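Here is the structure we will look at, set down as structure tokens.
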Amino acid sequence: MGLVRENLPKRGMSWKMAKLAGPGESPYTLYDRQIAAEAQKWLHDASRDHHDKPWVLFVSFVSPHFPLTARHEHYYRYYDDPRLPMPKLYKKSERPAHPFLREYAESFNYDDCFETDEEVRRAIAGYYGLCSFVDEQIGKVLDAIDRYGLRETTRVVYTSDHGDNLGARGLWGKSTMYEESAGVPLIVAGEGIRSGVQSSVPATLLDLYPFIIDAVGGDRSSMIDSDHPGVSIAEIANGAVPQRTILSEYHGMGSTTGAFMVRDDRYKYVHYVSYPPQLFDLKNDPEELHDLGTDPAYADVRKELEKRLRSMLDPEEVDRRAKKRQAELLALNGGREAVIARGDLGFTPPPGYRPDFG
Numbered sequence: 003m004g005l006v007r008e009n010l011p012k013r014g015m016s017w018k019m020a021k022l023a024g025p026g027e028s029p030y031t032l033y034d035r036q037i038a039a040e041a042q043k044w045l046h047d048a049s050r051d052h053h054d055k056p057w058v059l060f061v062s063f064v065s066p067h068f069p070l071t072a073r074h075e076h077y078y079r080y081y082d083d084p085r086l087p088m089p090k091l092y093k094k095s096e097r098p099a100h101p102f103l104r105e106y107a108e109s110f111n112y113d114d115c116f117e118t119d120e121e122v123r124r125a126i127a128g129y130y131g132l133c134s135f136v137d138e139q140i141g142k143v144l145d146a147i148d149r150y151g152l153r154e155t156t157r158v159v160y161t162s163d164h165g166d167n168l169g170a171r172g173l174w175g176k177s178t179m180y181e182e183s184a185g186v187p188l189i190v191a192g193e194g195i196r197s198g199v200q201s202s203v204p205a206t207l208l209d210l211y212p213f214i215i216d217a218v219g220g221d222r223s224s225m226i227d228s229d230h231p232g233v234s235i236a237e238i239a240n241g242a243v244p245q246r247t248i249l250s251e252y253h254g255m256g257s258t259t260g261a262f263m264v265r266d267d268r269y270k271y272v273h274y275v276s277y278p279p280q281l282f283d284l285k286n287d288p289e290e291l292h293d294l295g296t297d298p299a300y301a302d303v304r305k306e307l308e309k310r311l312r313s314m315l316d317p318e319e320v321d322r323r324a325k326k327r328q329a330e331l332l333a334l335n336g337g338r339e340a341v342i343a344r345g346d347l348g349f350t351p352p353p354g355y356r357p358d359f360g
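This note's numbering puts the first residue of the sequence shown at 3, with every later residue one more than the last.
See the structure below:
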């Protein structure tokens, strides 16, 4: 259904965000515990069998992706805390009116399914509880690294593919350029990495590839294209990379127009092919409460950041190519009406579980 990029349909399974939030076990938490167990087993074997050559272990947890069902010991840690906040700008009178955001909220109509503030608090407690659950699983993997004598020879990276709006501005899910959604953790430790350093240089997931190649003794010149935009996160952590401008883009579910974001150490500029831009001063407004996208006082800033964006790509051409390919794939899957009639999943079932369209 994400191939549909005009006259956006409402997501039939959006109710799952609100109604499945709470204490308990889900297929995702069961899957993640199995992943943690398999990772520990692999590290045990690696300590015996792979000590004489480089190795890479990719440990991928699904949580805290919804369903926002967290194990009791993690869920009630937050649900019973009176300090648990409501999302920022959650009141309907506070929500931004940008057309990209409104289209997304109408298609991914998660918030329509929250009937009370109590249900919102339950969802937030579920998400926070899942974060603690993931922290517990990561702790088991790190303990195994210590237990099997691998700490001195192992570098560890913790990151994610996206965040979650988690109710901020009435939005849920991941498909916006706000920090809650587009920002991800990026933590690295181990040999050759300075300890206790926090860098203000913007980084992206593209910076992982050079780092991994270096860590396993690979030859950058033969394994990384000369136009690869990433730099090693070790170089960033060790202060060897100057301030830079990074790129993110979105062409998927809940959007009728391509969205392109560039940011440096201060500003974030979001360019929409069909809509007015957004601009945020992250230094003075880290919560992105004040959109400067149409403020005349920031016209020069927007012009400079758009220039940087266009030095990387042609947004109109990229938007056109993305939609053309999506239209081709939509046709291969029976066309718009057939895809909408089949419905959506709400979330991807883990291995062994039957897909539930609706």
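The beta-carbon is built from N, C-alpha and C at its ideal position, and this holds for glycine as well. Remember, it's a predicted structure, so these values are computed and weren't measured experimentally.
Which of the three DSSP states, helix, strand or coil, is assigned to Lys270? To locate residue 270, count along the sequence shown from 1; it is residue 268. The answer is strand: DSSP assigns Lys270 an E or B state.
Could you check the C-alpha separation between Lys12 and Val159 for me, to the nearest Å? Along the sequence shown, one-based indexing puts residue 12 at 10. Along the sequence shown, one-based indexing puts residue 159 at 157. Straight-line Cα distance between these residues: approximately 37 Å.
Give a yes or no on whether the C-beta atoms belonging to Ser134 and Arg50 are separated by under 8 Å. As a position in the sequence shown, residue 134 is number 132, starting the count at 1. As a position in the sequence shown, residue 50 is number 48, starting the count at 1. It is not a contact, given that the beta carbons lie outside the stated cut-off.
Counting only the same chain and skipping the five closest in sequence on each side, list residues whose C-beta sits under 6 Å from that of Tyr81. By one-based count along the sequence shown, residue 81 stands at place 79. Taken in chain order, the residues that qualify are Ala127.
Can you tell me where the beta strand (DSSP E) holding Ser250 begins and where it ends? Residue numbering aside, residue 250 sits at position 248 when the sequence shown is read from its first letter. Residues 248-252.
Using the beta-carbon count (16 or more within 10 Å), is Asn286 buried or exposed? For the purposes of this step, residue 286 is taken as residue 284 along the sequence shown, with counting starting at 1. By the 10 Å Cβ count, Asn286 comes out exposed.
Neighbour-count burial assignment, Met19, 16 or more Cβ in a 10 Å radius: Here residue 19 refers to the residue found at position 17 when the sequence shown is read from its first residue. By the neighbour-count rule (16 or more Cβ atoms within 10 Å), Met19 is buried.
From Asn111 to Ser16, what does the alpha carbon distance come to, in whole angstroms? By 1-based counting over the sequence shown, the position of residue 111 is 109. By 1-based counting over the sequence shown, the position of residue 16 is 14. Distance between the alpha carbons of Asn111 and Ser16: 6 Å.
Nearest residue (CA-CA) to Gln328, options Val203, Ser257, Ser276: For the purposes of this step, residue 328 is identified with residue 326 of the sequence shown, where counting begins at 1. Nearest C-alpha to Gln328: Ser257.
DSSP three-state call for Phe395: helix, strand or coil? Any property of residue 395 remains undetermined from this structure, which presents the chain solely from 3 to 360.
With DSSP collapsed to three states, give me the class of Ala261. Start at 1 with the first residue of the sequence shown, and residue 261 comes out as number 259. Ala261 falls in the strand class under three-state DSSP.
With DSSP as the reference, please indicate the residues paired to Thr161 in a beta bridge. As a position in the sequence shown, residue 161 is number 159, starting the count at 1. Paired residues: Leu188.
Are the segment 187-204 and the segment 142-162 touching, with three or more C-beta to C-beta distances below 8 Å? yes
Let's test the definition: count the other Cβ atoms within 10 Å of the Cβ of Gln200 and tell me whether it reaches 16, buried, or not, exposed. Here residue 200 corresponds to residue number 198 of the sequence shown, with the count starting at 1. Result: exposed.
C-alpha distance - Pro98 paired with Leu294, whole-angstrom precision: Working through the sequence shown from its first residue, we reach residue 98 at position 96. Working through the sequence shown from its first residue, we reach residue 294 at position 292. If I take the Cα positions, the gap works out to 12 Å.
So Ser177 and Gly165 are in contact, right, with Cβ under 8 Å, and what is the actual spacing, rounded? Here residue 177 is taken as the residue at index 175 of the sequence shown, counted from 1. Here residue 165 is taken as the residue at index 163 of the sequence shown, counted from 1. In fact, because the Cβ distance is near 11 Å, the residues do not count as touching under 8 Å.
For Pro25, which beta-bridge partners are listed by DSSP? In the sequence shown, the residue the question calls residue 25 occupies position 23. According to DSSP, Pro25 bridges with Ala72.
Determine the DSSP secondary structure at Gln280, reduced to helix, strand or coil. Locating residue 280 in the sequence shown gives position 278, counting from the first residue. In this structure, Gln280 counts as strand in the three-state DSSP scheme.
Member of Ile238, Gly241, Asp266, Ala236 whose CA lies at the smallest distance from the CA of Ile248: Locating residue 248 in the sequence shown gives position 246, counting from the first residue. The residue with the shortest Cα to Cα distance from Ile248 is Asp266.
State buried or exposed for Leu168, treating a residue as buried only when at least 16 other CB atoms are found within 10 Å of its CB. Taking the sequence shown and counting its residues from 1, the one referred to as residue 168 is at position 166. Result: buried.
Residue span of the alpha helix (DSSP H) that contains Gln328, given as start and end: Looking up residue 328 in the sequence shown gives position 326. Taken as a continuous stretch (DSSP letters only), the alpha helix (DSSP H) holding Gln328 covers 317-334.
Supposed close pair Leu315, His273 - CB separation, criterion 8 Å: For the purposes of this step, residue 315 is taken as residue 313 along the sequence shown, with counting starting at 1. For the purposes of this step, residue 273 is taken as residue 271 along the sequence shown, with counting starting at 1. Not confirmed; about 10 Å, so no contact.
Once you ignore the five residues that flank Met225 on each side, which residues in its own chain have a CB closer than 8 Å to its CB? By 1-based counting over the sequence shown, the position of residue 225 is 223. Counting only Cβ-Cβ distances below 8 Å, and skipping sequence neighbours, we find Ile215.
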